[in-house]
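Chemist: So that we are looking at the same thing, I have put the structure below in structure tokens.
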Amino acid sequence: MITMEFDKQQLDEILKRYSSESIDKAESRALTKTKSKVLTAITRAITAEYNIKARDVKKHIKVIKGHKSILVKIDEKNFKLVEFATNRNIKQNTIPRVKIKKQGKTTNLPAMFYAVMQSGHMGIYMRARAMKKRGFIYGAEYIKRIKEKYNKRGKELAINEITAIDSVDMFKKVEAEDKALEMFRDTFQSEVVRQLSNGLV
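Under this note's numbering, think of the first position of the sequence shown as 1, with each following residue one higher.
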């Protein structure tokens, strides 16, 4: 989790001529606008490098406005492989194709298939027997997690949805924290000044 707080000393000279009530309102509104821009900065940092839609990235990120601060929480879950698909097609016998990075190669996955669950969620799945044969190729850690599910349920799942990169790992790789902090610093102070100078509070 990242916490971004503002340094009020930087604004002291500007704020001297305003009432504390106006300052509090301006700071609160500035945080609301800054919160939105921080989320956009993080999302763009990820979508600039990875072949994933902004709406899918935002499912893993929460930006919360606190008292005099903004908190950024990254969901510690893997992105679903279908979110990197280049041919989201559920027609029979369609072989899934995925591309993780925008500058990377598109990969065909003949051992996998698209399926829509009863909930309406579409994903890329693999049959348990195929996963056993290709467990090392498609990720030992994922297979380990699936096996833990098997033991917990007392039986193997017939099919399992395949996931990709961890959201926290992706966040670190694109240096999203630096971009979020830069956006916070650039936006907050100017937004407080704008709110006060234009008489918006």
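All residues carry an ideal CB built from backbone N, CA and C; glycine is no exception.
Is it buried or exposed for F136, if we count other Cβ within 10 angstroms and need 16 for buried?
Modeler: Residue confidence for F136 is low, a pLDDT of 39 falling below 50, so the modelled location carries little weight and cannot support an answer.
Chemist: Going by the CB atoms, is the gap between V57 and T43 shorter than 8 Å?
Modeler: yes
Chemist: My parser needs the alpha helix (DSSP H) runs of 4 or more residues fully inside the segment 19-56; what are they?
Modeler: Every unbroken stretch of the alpha helix (DSSP H) spanning 4 or more residues and falling wholly within the segment 19-56 is given here in chain order: 20-47.
Chemist: Considering Cα atoms alone, identify which of F84, R194 and L181 is closest to K37.
Modeler: L181
Chemist: Counting along the chain, where does the beta strand (DSSP E) carrying F79 start and finish?
Modeler: For F79, the enclosing beta strand (DSSP E) stretches over residues N78 to K80.
Chemist: If we count the other Cβ atoms within 10 Å of its Cβ and call it buried at 16 or more, is M117 buried or exposed?
Modeler: exposed
Chemist: Quick check: is the beta carbon of I74 nearer than 8 Å to any beta carbon in chain D?
Modeler: Included in the structure is just one protein chain, with no chain D present.
Chemist: Would the beta-carbon of A45 fall within 8 Å of that of A176?
Modeler: Against a cut-off of 8 Å, the Cβ pair of A176 and A45 comes out as a contact.
Chemist: Could you have a look at S69 and say whether DSSP puts it in helix, strand or coil?
Modeler: Correct three-state label for S69: strand.
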